[in-house]
Amino acid sequence: MNYKNFYNRSIANPEAFWKEQASELTWYDFPSTILSKDSYNYDQWFSDGKLNMSYLCIDKHVQDGYGDQVAIIYDSPVTNTKKKYTYNDMKSEVGRLAGALKKLGLEKGDTAIIYMPMIPQALFSMLACARIGVVHSVVFGGFAPHELAIRIDDCKPKIILTASSGIEVDRIIPYKPYVDKAIELSKHKPENVVVYKRHLGADVPDKEYDLDYKSLVRTADMASPISLPSTHPLYILYTSGTTGKPKGIIRDTGGYATALKFSMKYIYGVEQDEVFWAASDVGWVVGHSYIVYGPLVNRNMTVIFEGKPIRTPDASTFWRVISEHSVSVMFTAPTAIRAIKKEDPQGSLIKNYDLSCLRYQFLAGERCDVATLSWVQQHIGVPVIDHWWQTESGWPMLSNMAGVELVPVKPGSATFPVCGYDIQILNDEGQEVDASTEGYVAVKLPLPPGTLRNIWGNPDRFRDGYLAPFKGYYFSGDGGYIDEDGYVFITGRVDDIINVAGHRLSTAEMEEVVAAHPSVAECAVIGVHDDLKGQIPLALAVTKSDNMLAESVIQEEIVKDVRAHIGAVASLKLVLIVERLPKTRSGKILRKLLRSIADDKEFSIPSTIDDPNIINEIKLAFTTHKVGIN
Numbered sequence: 001m002n003y004k005n006f007y008n009r010s011i012a013n014p015e016a017f018w019k020e021q022a023s024e025l026t027w028y029d030f031p032s033t034i035l036s037k038d039s040y041n042y043d044q045w046f047s048d049g050k051l052n053m054s055y056l057c058i059d060k061h062v063q064d065g066y067g068d069q070v071a072i073i074y075d076s077p078v079t080n081t082k083k084k085y086t087y088n089d090m091k092s093e094v095g096r097l098a099g100a101l102k103k104l105g106l107e108k109g110d111t112a113i114i115y116m117p118m119i120p121q122a123l124f125s126m127l128a129c130a131r132i133g134v135v136h137s138v139v140f141g142g143f144a145p146h147e148l149a150i151r152i153d154d155c156k157p158k159i160i161l162t163a164s165s166g167i168e169v170d171r172i173i174p175y176k177p178y179v180d181k182a183i184e185l186s187k188h189k190p191e192n193v194v195v196y197k198r199h200l201g202a203d204v205p206d207k208e209y210d211l212d213y214k215s216l217v218r219t220a221d222m223a224s225p226i227s228l229p230s231t232h233p234l235y236i237l238y239t240s241g242t243t244g245k246p247k248g249i250i251r252d253t254g255g256y257a258t259a260l261k262f263s264m265k266y267i268y269g270v271e272q273d274e275v276f277w278a279a280s281d282v283g284w285v286v287g288h289s290y291i292v293y294g295p296l297v298n299r300n301m302t303v304i305f306e307g308k309p310i311r312t313p314d315a316s317t318f319w320r321v322i323s324e325h326s327v328s329v330m331f332t333a334p335t336a337i338r339a340i341k342k343e344d345p346q347g348s349l350i351k352n353y354d355l356s357c358l359r360y361q362f363l364a365g366e367r368c369d370v371a372t373l374s375w376v377q378q379h380i381g382v383p384v385i386d387h388w389w390q391t392e393s394g395w396p397m398l399s400n401m402a403g404v405e406l407v408p409v410k411p412g413s414a415t416f417p418v419c420g421y422d423i424q425i426l427n428d429e430g431q432e433v434d435a436s437t438e439g440y441v442a443v444k445l446p447l448p449p450g451t452l453r454n455i456w457g458n459p460d461r462f463r464d465g466y467l468a469p470f471k472g473y474y475f476s477g478d479g480g481y482i483d484e485d486g487y488v489f490i491t492g493r494v495d496d497i498i499n500v501a502g503h504r505l506s507t508a509e510m511e512e513v514v515a516a517h518p519s520v521a522e523c524a525v526i527g528v529h530d531d532l533k534g535q536i537p538l539a540l541a542v543t544k545s546d547n548m549l550a551e552s553v554i555q556e557e558i559v560k561d562v563r564a565h566i567g568a569v570a571s572l573k574l575v576l577i578v579e580r581l582p583k584t585r586s587g588k589i590l591r592k593l594l595r596s597i598a599d600d601k602e603f604s605i606p607s608t609i610d611d612p613n614i615i616n617e618i619k620l621a622f623t624t625h626k627v628g629i630n
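At position 569 of the sequence shown (counting the first as 1) the number is 569 in full-length UniProt numbering, and the numbers step up by one without a gap.
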């Protein structure tokens with residue numbers, strides 16, 4: 001199949017193209033309206049169609065005679081556990097959990113938060129909610145109680161499903177105490193907390209709102225999947241916003257299922273019955289799309305991996321999983337590869353495993369540097385595909401489409417737009433720029449199926465953040481350019497969001513925490529280059545004139561405060577105490593200038609700067625504390 005012809009068909013007649021793709025699914029009522037507008041005048045797909053995601057992921061395969069086929073491979077080196085679940089097992093577990101939720105009074109349109117580690121019960125919980133029309137919001141287990149409380153107050157869940165604890169190489173993570181603290185902090189109080197007890201030695205305080213997961217499932221009746229409108233919200237997934245308040249991205253059901261089915265075949269090039277492994281977490285969009293819903297809709301075996309790319313037990317763990325479980329297509333973040341490369345620079349451990357099963361290695365979650373791409377290509381000997389997408393898109397926007405045609409790679413580019421995405425580079429006035437000229441990355445409307453439907457409870461924020469900047473376009477928030485051959489290059493965020501090991505985090509939110517320290521007069525938090533994680537946050541703080549604390553004490557307390565309010569995922573370890581911050585004459589902190597200095601990039605001194613002499617002061621501070629890439 002020719003990529004250009006296939007792509008052009010999706011742009012020239014999107015309704016015909018996506019109607020054809022939707023026919024690959026089993027609907028209760030196939031849509032007669034393919035593309036329409038909602039009450040906010042935003043494009044919606046398949047509005048009068050009816051289906052159920054849990055049915056598509058489980059029941060359909062059982063009905064088609066694949067009940068005994070393995071659906072989930074659970075591999076947990078941190079607990080020394082391996083277990084497989086068939087589609088019949090899934091139907092029983094998910095059906096009874098859905099029945100338990102119904103018995104607790106949950107109905108179509110209610111919300112539930114899932115705060116779990118990488119265990120099968122996280123997937124069961126997601127699919128059980130989808131089965132009865134409950135809108136789930138999975139919160140990444142690395143987030144602290146304060147962040148969980150914000151999400152509780154925003155989506156107002158009737159229940160929270162959690163586990164007693166998570167586990168990493170050297171520590172137990174107390175999930176249940178975190179949930180209790182979050183409920184204490186939140187204004188909204190969920191009716192119940194359903195706890196899956198793991199017996200790993202963690203403290204599991206009992207509360208009157210607690211219910212035991214295993215007891216509920218054991219005694220519940222089976223619940224069948226219900227017919228839902230295509231536009232019914234499947235889930236809310238929070239992503240960092242520049243205001244510090246997370247944005248609850250709403251994903252629909254029918255458009256999402258259509259896009260995922262399409263992507264498994266045409267982007268990832270994976271066939272039914274094969275093993276697909278996305279080494280991510282269900283708390284992120286990759287986990288939603290390509291650990292849970294995408295592989296299961298496509299009748300693939302999906303791997304739930306509870307571990308790290310290194311130290312579980314060493315840098316060979318990824319290769320062991322691929323070889324042992326016959327993974328055909330794998331997807332991970334460049335950060336994971338950099339961590340492996342650091343531990344095993346010559347790729348010696350790779351030689352211990354038979355990777356002949358692996359056909360493609362996909363990378364995404366952050367910008368992939370050329371050295372990392374080349375290292376993987378050299379040592380595993382299969383096509384390595386860098387692709388780009390966002391929480392908002394829900395599935396890839398740029399990729400070498402392995403199931404259509406592999407085109408030559410240009411290092412630094414995620415190649416060409418995926419079908420349905422009319423990606424253009426715009427200037428400040430919203431006009432297309434010339435080839436190789438950097439500008440704002442935007443997508444001409446309509447977006448294809450599967451992308452964000454709105455922001456939970458805040459349609460104005462949705463419109464203002466994504467649609468208002470450029471009329472007739474979705475604004476991605478990223479900068480980039482398209483070269484003369486049509487290859488798209490993403491250069492990074494144009495707002496205050498940083499990408500730490502594939503996790504989008506708000507520097508504005510971190511600044512709020514730093515500024516709250518009693519010794520801090522003002523501050524700035526920026527993302528600086530890091531060889532391993534891509535970016536890490538750096539805080540610059542100016543202390544109050546009456547401060548009596550030592551710098552080391554302030555730095556230590558700020559690091560602890562950020563960890564407590566946001567979580568270890570923030571990775572804030574660098575706090576510089578400076579005399580002043582660079583500002584414009586109107587008082588605006590020049591964060592872009594700070595980033596350029598820290599990363600040793602060329603910059604021009606803004607004409608609006610209040611005192612150019614501060615540049616040398618900042619350079620000296622960075623050099624003294626060894627901040628930056630040199």
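Glycine included, every Cβ here is placed at the ideal spot set by N, Cα and C. Since we're looking at a predicted model, the values are computed, not measured.
Proximity to residue i [Cα-Cα], best of the options
i           : options                   : result
S186        : I558, L148, K351 and I160 : L148
E602        : L593, I609 and D610       : L593
A621        : K583, V575 and I605       : V575
residue 681 : F416, V370 and P408       : Lying before the first or after the last residue shown, residue 681 is absent from the chain, which here runs from 1 to 630.
R131        : P117, P309 and G99        : G99
N298        : I58, M116 and D478        : I58
M116        : P345, D281, V370 and H565 : D281
L56         : K544, L296 and P177       : L296
S76         : D611, K181 and V321       : V321
residue 635 : R563, S571, G95 and D206  : Outside the modelled stretch of the chain, which goes from 1 to 630, sits residue 635, for which no answer is possible.
8 Å Cβ cutoff met for residue i and residue j
i    : j    : result
I304 : I72  : yes
T79  : G67  : no
N300 : E324 : no
V569 : H503 : yes
V578 : L540 : yes
Residue i in three-state terms, based on DSSP
i    : result
I629 : Low confidence applies to I629: its pLDDT is 40, below 50, so where it sits in the model is not reliable enough to give any reading.
C357 : coil
Y487 : coil
P537 : strand
Q44  : strand
I615 : helix
N2   : coil
E107 : coil
A414 : coil
T162 : strand
M510 : helix
A122 : helix
L349 : helix
Y466 : helix
Q377 : helix
I152 : helix
P229 : strand
W18  : helix
Cut-off 6 Å between Cβ atoms - residues of its own chain near residue i, not counting five sequence neighbours on either side
i    : result
Y7   : C419
G439 : I425, L426, N427 and V433
R151 : V139 and Y238
K410 : Y487
S263 : W395
A315 : I340, E343, D344 and L349
Sequence-distant residues of its chain with Cβ nearer than 7 Å to residue i (five each side left out)
i    : result
Q431 : none
R311 : V169
F462 : N454 and I455
I629 : The predicted position of I629 is uncertain, since its pLDDT is 40 and thus under 50; a value taken from the coordinates is nonetheless stated next. Cβ within range, chain order: H529, D599 and D600.
P469 : F475
The ligand HEM heavy atom lying under 7 Å from the CB of residue i
i    : result
Y360 : In the structure shown, the ligand HEM is absent, as is every other ligand, since no ligand is present at all.
Chain D within 8 Å of residue i, Cβ atoms only
i    : result
D561 : No chain D appears in the structure shown, which is made up of a single protein chain.
Sequence-distant residues of the same chain with beta carbon closer than 8 Å to residue i, five excluded per side
i    : result
N458 : K247 and G248
D153 : S186, K187 and H188
V542 : V520, A521, E522, C523, I577, V578, E579, R580 and L581
For the region 151-163 against the region 100-111, do three or more pairs of beta-carbon atoms, one drawn from each stretch, fall closer than 8 Å, so that the two count as touching? The region 151-163, when compared against the region 100-111, does touch it at the 8 Å Cβ threshold.
Evaluate the contact criterion for the region 350-357 versus the region 385-400: three or more CB pairs, one atom per stretch, below 8 Å. No, the region 350-357 does not touch the region 385-400.
When you compare the region 223-236 with the region 46-55, are there three or more beta-carbon pairs, one atom per stretch, that lie closer than 8 Å? Contact holds: three or more Cβ-Cβ distances are below 8 Å.
Check whether the region 327-335 and the region 280-288 are in contact - that is, three or more C-beta pairs closer than 8 Å. Under the 8 Å Cβ criterion, the region 327-335 counts as touching the region 280-288, having at least three qualifying pairs.
Contact between the region 173-183 and the region 199-207 (3+ Cβ pairs under 8 Å): The count of Cβ pairs closer than 8 Å, one atom from the region 173-183 and one from the region 199-207, reaches three, so the stretches are in contact.
Spell out a yes or no on whether the region 440-453 and the region 361-371 are touching, meaning 3 or more CB-CB pairs, one atom from each, closer than 8 Å. In this structure the region 440-453 does not touch the region 361-371; the number of beta carbon pairs closer than 8 Å is below three.
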